Amino acid sequence: MNERTQTFKISSRLKDVLGRGLVTNEFVAVFELVKNGFDAGATSVVIEIDPFEGRIAIADDGKGMSRQDIIERWLFLAYSAKADGSEDSNIPKDYRDLIGQREQFAGNKGIGRLSCDTLGKTLELYSRAIGQDQIQKLSINWEDFEQDSKEEFGEIEVSLTPIDSFPEINCGSGSPSKHGTVLWIEGARHSWNADATLRLRQYLAKLIDPFGTTDDVDVITCLIGYEDEKGAEPNEVINGPVGNSVADVLRDKTTRIEVLIENGEVETRLVDRGTTMLHIREPLQNEALAKVTIRGEIFFLNRSAKATFARRMGVMSVEFGSIFLFLNGFRVFPIGEETDDTFGLNRRKQQGVSRFLGTRDVMGRVDIRAAPGIFREASSRDQGLISDANQRALYDAIRSYMVIRLERYVTGVNWKIKADQYREDRSALESDQGRELAISVLGRMASPDQVKVLSIAPDLERVAEGRRATAQRTLSDLDRLAEKAGDSEMRKRVAETRQRIAELEEAERAASREAANLAEMRAADAVKIDSLERQARFLSASSKPTSERLQLLLHQVSIYSNHIHSSSLRAARDLVKALEMIPSGDDIDPEDLEDLAAALRHNMGELKDEVAYITLEADRLKALTRFAPNLDVEVDRAEMQDDLLTFLREYIEVIVGGADLISNVVFKDDGKPFITTFSPFDIAVIVDNLVDNSRKANAQEMKFSVESRTKKGIALLVTDDGIGLRDADPAKIFELGYTSSAGGSGLGLYHIRKVMNGMNGSIELASNREEGRADFVLKFVER
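Residue numbering for the sequence shown follows our numbering, starting at -8 and increasing by one per position.
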């Protein structure tokens, strides 16, 4: 068996795969070619577009290429002298010193040159190397590679000839004067007009320098046949240098964080509307980034900043982009684009909208300076950096040192004060609350032992003296910050503020004590005034009653006296009849004794009823004499329709309280009226009898209170601290003549039940009372 070695053959179709197949966007194609000018050390890159001729010319004043460079490098597909370190080996030392030591090139894969195919059908490359006189012209017709895919790529010939001059370019600095390169592309595959050129400028501005912070290279565009309007806004200019003023638009309008990671240290500066709130330095925790320099500036976009950006830049901030990543001066695409979430900000924000920042909330730039190979860009221009340990360490550093620290300040301070969202200055945060929030957040940020505080905002010590509970905690945080910063003056001011707060607190305590004393005196006076007003209302009749009122009073007295007189006569007759029924001792027949006893019991029962009625009428007469002549009660009316609770309160406070029968008699209602028809004299009888019973039980305090209400009624609970029922039988206490105390008549509770029954109400012992207590419930109904 014969073994023979074989080699790959490369189809001419490779041009399509690595050209238009890989770089499908005309703007990306221009950028790829502009990057070559950057890598050549150019100070100027000119892009001249002729829409009438369908031509694009890209010229730079870089180091240029010799004939040998073109043959051995440019025509050597996928070979990159940038990748193997020989890119600058053939240029003079003085020019190498001029462009400086370059750590990495913008492109290093050897395929960006095929972007010319994306832009047009033919290419004429003109280049003159440093120190040479002749210009080399390379001519390529890309359609030659499209005829037969079976034809080998390397078999298709291109023309390379020396000439004496560059083609004429009138844009910017024009054609290179000494050395450089011109790409003359004809047969444009895209339509180039003012709108397309404007989009190209915006695209290049984001790719090359979205924040306008680089002035090493000028990128200039010109559209032949187009003139910019005088006074046009910068974002509407088509002819001239490409650039942005994003940083100028945002720098003093919102909160930003600046971070420098270099030589194993992390230096952070948090700036709010031009004021440096905190400046710290700490050791870098990740060794993978020890030999890398990372410089980042990220802005928080509040509503004011977003509105300003849209007005000044002519595009919404969300459409412009978010956090752009630059590797050795060139943007890593597509990081920062509208739909890109390389750093996972939007995923975090989904966990808590009010706790995390998303790509819409921030905008910024992160610049990385690193030796070749540390970070590798994917071949496809929309894949960012190749994922490896170094890439992950970089992304983690950007998140933790930049985004999350800015996020803590924004969510902990800016978002806590809603008015701050609409302002370009810090006025909303210069309040007491704003300073306290800032000190709390900054204190936590600087709390780790390894963090060294370089400076803090000088106005933070003006903590509110009116919010002293919070101020003491805030002053402690501020004192720790000042101590770490070595700021003895601020610590002194903090101590003085604490002393002032202590003095204010003592003055406030004294004022509080004085206010409490005055309030107590006013309360006592108010109670006294209220009592006097009630008494005045209740005693509203003249102290010198009119003759009419005296006549009415005498009339009522006559009525009650007649009742008492009639009942007394009936009682006397009953008594005489009972006595007559009793024969002399010698005449009593033992067989008649039982009938006699029954007759006597009947007569004595009637006598008892008469006596009870006499006593009740006497109580009413006594009540009448209490009301007259000075009380505001219509003595000629047996009943009245009014608020029963108001009457009870006034009667208890004025009449019962004034009698001094019990030390403290209290009435407590529920603040609602109870309108019903009642006899004021009967209510007086009820209250007087209950008070008299409590007095006899040695009570010192008695309370009438509303216990409950129904749709048509109300229940009053009557309690006292007396000795209670003692040996009395609860089942008999409302019976006529039943008493358990010496000298008791057994009429008081009987009269109360009789009066309550007459009002369709009732009285009973409280069901939930403690055993032995004399707690009663009076139930009244609307009449």
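Ideal Cβ placement from N, Cα and C applies to all residues, glycine included. Predicted model only: the values in this text are computed from it and were never measured.
Query: Environment of Pro671 [buried if 16+ CB atoms lie within 10 Å]; Result: buried
Query: Among Phe(-1), Gln490, Val442, nearest to Glu831 - alpha-carbon criterion; Result: Since the first residue shown for the chain is -8 and the last is 774, residue 831 is missing from the structure and cannot be characterised.
Query: Reference Lys407, options Ile40, Ala429, Ile395, Arg247, closest by Cα; Result: Ala429
Query: Environment of Arg307 [buried if 16+ CB atoms lie within 10 Å]; Result: Note that residue 307 is Met in the sequence shown, not Arg. It counts as exposed.
Query: Classification of Leu509 by the beta-carbon crowding that lies within 10 angstroms, buried from 16 upward; Result: exposed
Query: For His270: DSSP bridge partner residues; Result: Arg260, Ser446
Query: Sheet register partners of Tyr392 (DSSP bridge); Result: Note: Tyr392 sits in no beta bridge, so no partner.
Query: Proximity of Ala33 and Asp60 at Cβ, strictly below 7 Å; Result: no
Query: Three or more C-beta pairs below 8 Å linking the region 276 to 295 and the region 250 to 259; Result: yes
Query: Per-residue burial, Pro449 [other beta carbons within 10 Å of its own, 16 or more giving buried]; Result: exposed
Query: Beta-carbon proximity list for Leu451, same chain, < 7 Å, skipping 5 on both sides; Result: Arg426, Ala429, Ile430, Leu469
Query: Option nearest Phe658 by Cα separation, candidates Arg500, Val678, Glu505, Ser446; Result: Val678
Query: Sequence-distant residues of the same chain with beta carbon closer than 7 Å to Ser699, five excluded per side; Result: Ala706
Query: Integer-rounded CB distance, given that Ser3 should sit under 8 Å from Ser164; Result: Actually they do not touch by this definition, with Cβ atoms about 37 Å apart.
Query: Meets three-Cβ-pair contact criterion under 8 Å: the region 295 to 315 and the region 350 to 360; Result: yes
Query: Unbroken alpha helix (DSSP H) run spanning Glu773, endpoints; Result: Per DSSP, Glu773 belongs to no alpha helix (DSSP H) and is neither H nor E.
Query: Three-pair Cβ contact test at 8 Å for the region 388 to 408 versus the region 335 to 351; Result: yes
Query: Helix, strand or coil at Ser182 [DSSP, three-state]; Result: coil
Query: Backbone secondary structure at Thr246 - three-state DSSP; Result: strand
Query: Limits of the alpha helix (DSSP H) - the one that Lys745 falls within; Result: 739 to 749
Query: Collapsed DSSP secondary structure at Val357 in the structure displayed; Result: strand
Query: Contacting residues, own chain, Cβ-Cβ under 7 Å from Glu339 (five flanking each side not counted); Result: Checking the sequence, you will find Arg at residue 339 rather than Glu. Excluding residues within five positions, the ones whose Cβ falls inside 7 Å are Phe347.
Query: Bridge partners - Lys128, DSSP secondary structure assignment; Result: Tyr117, Thr152
Query: Euclidean distance between Cα positions of Lys244 and Ser418; Result: 12 Å
Query: Backbone CA spacing between Tyr642 and Phe695 [nearest angstrom]; Result: 12 Å
Query: Distance between Ser438 and Leu445 (C-alpha atoms, nearest Å); Result: 13 Å
Query: Reference Thr701; option with closest CA among Asp634, Ile365, Val772; Result: Val772
Query: Collapsed DSSP secondary structure at Leu68 in the structure displayed; Result: coil
Query: Cβ-heavy atom distance, Glu755 to the ligand PLP, below 6 Å; Result: Of the ligands one can find in the structure shown there are none, so the ligand PLP has no counterpart to examine.
Query: C-alpha distance - Tyr194 paired with Pro325, whole-angstrom precision; Result: 11 Å
Query: Beta-carbon contacts of Asn680 that lie in its chain and below 8 Å, excluding the five residues immediately before and after; Result: Asp610, Gly739, Leu740, His742, Ile743
Query: Rounded C-alpha distance that separates Lys687 from Val709; Result: 15 Å
Query: Chain-order list of residues whose beta-carbon lies under 7 Å from that of Lys770 (same chain, five-residue window excluded); Result: Gly704, Ala706, Gly752, Ser753
Query: First and last residue of the uninterrupted alpha helix (DSSP H) at Gly704; Result: Segment 704 to 711 is the beta strand (DSSP E) holding Gly704; no alpha helix (DSSP H) there.
Query: Beta carbon of Leu636 nearer than 7 Å to that of Asp651; Result: no
Query: Exposure label - Asp263; buried when at least 16 CB within 10 Å; Result: buried
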